[in-house]
Amino acid sequence: MEKVFHTVGPTQLYPEVKGFIADALRDNIPSLSHRSQEFMDIYRETDGQLRKLLGIPEGFRIFFLSSGTECMERIIQNLVEKKSFHFVDGSFSKRFYTIAKQLGKDAGKAEVEFGKGFDFENVNIPGDAEIICLTQNETSTGVALNMEDIYQLKGKYPDMLIALDIVTGVPYIKIDFDKIDCAFFSVQKGFGLPGGLGVIIANEKCIDKAKELMKKGIIIGSYHNFVTLAENVDKFQTAITPNVMNIYLLGRVCQKLNEKGMRRIRQETEEKAKLLYDFLDSSDELKPFVKEVKDRSQTTIVIDVPEGNSKEYRDKLASQGIIAGSGYKEYKDKQIRIGNFPMHTRENIEKIISILKEQ
Numbered sequence: 039m040e041k042v043f044h045t046v047g048p049t050q051l052y053p054e055v056k057g058f059i060a061d062a063l064r065d066n067i068p069s070l071s072h073r074s075q076e077f078m079d080i081y082r083e084t085d086g087q088l089r090k091l092l093g094i095p096e097g098f099r100i101f102f103l104s105s106g107t108e109c110m111e112r113i114i115q116n117l118v119e120k121k122s123f124h125f126v127d128g129s130f131s132k133r134f135y136t137i138a139k140q141l142g143k144d145a146g147k148a149e150v151e152f153g154k155g156f157d158f159e160n161v162n163i164p165g166d167a168e169i170i171c172l173t174q175n176e177t178s179t180g181v182a183l184n185m186e187d188i189y190q191l192k193g194k195y196p197d198m199l200i201a202l203d204i205v206t207g208v209p210y211i212k213i214d215f216d217k218i219d220c221a222f223f224s225v226q227k228g229f230g231l232p233g234g235l236g237v238i239i240a241n242e243k244c245i246d247k248a249k250e251l252m253k254k255g256i257i258i259g260s261y262h263n264f265v266t267l268a269e270n271v272d273k274f275q276t277a278i279t280p281n282v283m284n285i286y287l288l289g290r291v292c293q294k295l296n297e298k299g300m301r302r303i304r305q306e307t308e309e310k311a312k313l314l315y316d317f318l319d320s321s322d323e324l325k326p327f328v329k330e331v332k333d334r335s336q337t338t339i340v341i342d343v344p345e346g347n348s349k350e351y352r353d354k355l356a357s358q359g360i361i362a363g364s365g366y367k368e369y370k371d372k373q374i375r376i377g378n379f380p381m382h383t384r385e386n387i388e389k390i391i392s393i394l395k396e397q
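All you need for my numbering is the position in the sequence shown, starting with 1, plus 38.
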């Protein structure tokens with residue numbers, strides 16, 4: 039029986055990825071030097087396809103790193119001299135905060151109970167914070183932040199940088215990059231690729247801040263500091279030997295997504311999410327973890343199950359070819375998590391609902 043991974047990442051490969059990998063092996067892509075013209079052409083193509091897909095302005099640079107977690111670390115190292123502020127509503131937003139603390143920064147936070155959103159109007163951010171860090175779509179809890187709330191933060195605190203974790207939000211979420219300063223994601227979720235590639239999208243203010251810290255003698259990292267990354271990306275190169283294969287694959291997947299069109303992708307994502315949430319809202323046993331409709335993610339659906347029964351539900355799904363995720367950490371036995379990304383079909387969402395109804 040063929041398995042379909044409806045996990046929240048790593049997840050199901052985008053349908054054409056196997057063919058793209060075959061193309062890459064045929065063309066010796068993994069053997070290319072990252073200083074070669076062939077690699078620079080790949081970088082340029084992927085950069086262009088990603089810009090088109092996400093609407094990234096020319097004033098932003100695209101950096102390739104190793105993971106989403108590395109992106110968090112690099113952002114704190116390069117953009118914070120002393121003080122950061124974090125919105126914490128789950129395990130990954132907490133990781134962003136914890137990394138800042140581990141790097142010796144004075145990290146403040148607004149924290150809510152898992153499964154809840156924020157009352158942004160009642161959050162007071164210290165005036166000396168240099169950066170505001172948010173997780174747009176919290177993978178551990180299925181809470182999604184409204185982009186308008188994030189934009190209002192930029193209007194209220196124009197001198198602070200806005201850093202956005204969009205790991206499980208893209209490519210679905212629409213971002214006005216003029217109202218943030220940097221964002222990052224990894225490719226093993228909404229882009230349906232193998233793990234091992236993180237992406238930072240940063241504007242000139244971020245590069246200037248890194249240069250300012252460097253001049254002050256503050257350590258901002260070595261080969262993967264923003265200054266070195268920017269110098270290399272301007273030549274469509276990287277500071278170190280990168281994950282050439284995944285950079286190539288990301289460009290190919292972005293091309294396919296662009297051909298499909300973001301309007302259609304967003305519409306399909308919302309339709310599939312509605313099917314799941316409508317079922318959960320009417321179910322006696324299974325309930326959405328996120329109770330407020332306005333806070334619910336469209337890409338990461340977290341389901342409360344009778345305590346201790348997560349494995350039973352996941353095993354039932356697996357017996358019919360659907361691989362779902364468990365709850366995260368302390369919620370492992372209490373929840374299942376369903377990924378709803380562009381490669382996931384309406385037919386499989388309907389199959390999941392049918393199986394869960396029978397359980």
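Note that CB positions come from ideal geometry on N, CA and C, so glycine has one too.
Within 10 Å of its beta-carbon, does residue i have 16 or more other beta-carbons around it, so buried, or fewer, so exposed?
{"i": "S260", "result": "exposed"}
{"i": "N241", "result": "buried"}
{"i": "A362", "result": "buried"}
{"i": "N284", "result": "buried"}
{"i": "P326", "result": "buried"}
{"i": "G155", "result": "buried"}
{"i": "G153", "result": "buried"}
{"i": "G207", "result": "buried"}
Considering only the alpha carbon of each residue, which of the options lies closest to residue i?
{"i": "D371", "options": "I390, I391 and K349", "result": "K349"}
{"i": "M39", "options": "S357, K395 and E368", "result": "S357"}
{"i": "G228", "options": "L103, Q336 and L63", "result": "Q336"}
{"i": "D219", "options": "I200, K194 and A148", "result": "I200"}
{"i": "K194", "options": "I170, D65 and G180", "result": "I170"}
{"i": "T279", "options": "K41, H72 and Q50", "result": "H72"}
{"i": "D144", "options": "V118, G255, G155 and G93", "result": "V118"}
{"i": "E96", "options": "N263, I239 and K329", "result": "I239"}
{"i": "F223", "options": "I256, S104 and K254", "result": "S104"}
{"i": "I94", "options": "T45, D214 and G180", "result": "D214"}
{"i": "Q190", "options": "K217, V205 and G180", "result": "K217"}
{"i": "D197", "options": "V161, K243 and G155", "result": "K243"}
{"i": "G236", "options": "K367, R112 and T338", "result": "R112"}
{"i": "G180", "options": "Y315, K56, E396 and G299", "result": "Y315"}
{"i": "V343", "options": "E330, S321 and D333", "result": "S321"}
{"i": "V55", "options": "E368, K254, Q226 and G255", "result": "Q226"}
{"i": "F98", "options": "D203, K395, K332 and D272", "result": "D272"}
Taking Cβ to Cβ, would you say residue i is nearer than 9 angstroms to residue j?
{"i": "K121", "j": "E151", "result": "no"}
{"i": "I137", "j": "A182", "result": "no"}
{"i": "R290", "j": "F58", "result": "yes"}
{"i": "D127", "j": "T177", "result": "no"}
{"i": "R408", "j": "F274", "result": "Any answer about residue 408 is impossible in this case: the structure gives the chain only from 39 up to 397."}
{"i": "L324", "j": "I387", "result": "no"}
{"i": "G299", "j": "V205", "result": "no"}
{"i": "A268", "j": "I245", "result": "yes"}
{"i": "K132", "j": "E149", "result": "yes"}
Taking the C-alpha atoms as reference points, what is the distance between residue i and residue j?
{"i": "Q293", "j": "Q87", "result": "6 angstroms"}
{"i": "L295", "j": "L91", "result": "7 angstroms"}
{"i": "G359", "j": "N184", "result": "34 angstroms"}
{"i": "A277", "j": "E76", "result": "16 angstroms"}
{"i": "V340", "j": "G233", "result": "22 angstroms"}
{"i": "P209", "j": "R89", "result": "11 angstroms"}
{"i": "N263", "j": "F102", "result": "12 angstroms"}
{"i": "P164", "j": "N175", "result": "24 angstroms"}
{"i": "L51", "j": "K41", "result": "11 angstroms"}
{"i": "F134", "j": "P48", "result": "20 angstroms"}
{"i": "E192", "j": "G377", "result": "Per the sequence shown, the amino acid found at residue 192 is Lys instead of Glu. When rounded, the distance between both Cα atoms is 30 angstroms."}
{"i": "R389", "j": "V328", "result": "For the sequence presented, residue 389 should be read as Lys rather than Arg. Approximately 22 angstroms, taken between the alpha carbons."}
{"i": "T338", "j": "K139", "result": "28 angstroms"}
{"i": "V331", "j": "D319", "result": "10 angstroms"}
{"i": "N160", "j": "D203", "result": "22 angstroms"}
{"i": "E297", "j": "G255", "result": "46 angstroms"}
{"i": "R301", "j": "V46", "result": "22 angstroms"}
{"i": "N347", "j": "E396", "result": "14 angstroms"}
{"i": "S74", "j": "A60", "result": "21 angstroms"}
CB-CB under 6 angstroms to residue i, same chain, minus the five flanking residues each way: which ones, in chain order?
{"i": "I391", "result": "F317"}
{"i": "I258", "result": "Q115, N116, A248, L251 and M252"}
{"i": "Y286", "result": "A62, I67 and I80"}
{"i": "R384", "result": "K310"}
{"i": "D187", "result": "F158"}
{"i": "L141", "result": "I114"}
{"i": "I303", "result": "P380"}
{"i": "D85", "result": "I100"}
{"i": "Y366", "result": "S129 and S178"}
Ignore the nearest five residues each way along the sequence and tell me which others in residue i's own chain have a CB closer than 8 angstroms to its CB.
{"i": "E345", "result": "D371 and K372"}
{"i": "E306", "result": "P380 and R384"}
{"i": "I393", "result": "K354, L355, Q358 and I360"}
{"i": "G146", "result": "K121, S122, F123, H124, I163, P164 and A167"}
{"i": "L231", "result": "L51, Y52, V55, V225, N284, L287, L288 and V291"}
{"i": "R334", "result": "G180, V181, A182, A311, Y315, P326 and V328"}
Identify, in the order they occur along the chain, each residue of the same chain with its Cβ nearer than 7 angstroms to the Cβ of residue i, setting aside the five sequence neighbours on each side.
{"i": "R352", "result": "A362, S364 and I374"}
{"i": "L70", "result": "E76, F77 and V282"}
{"i": "P53", "result": "M381"}
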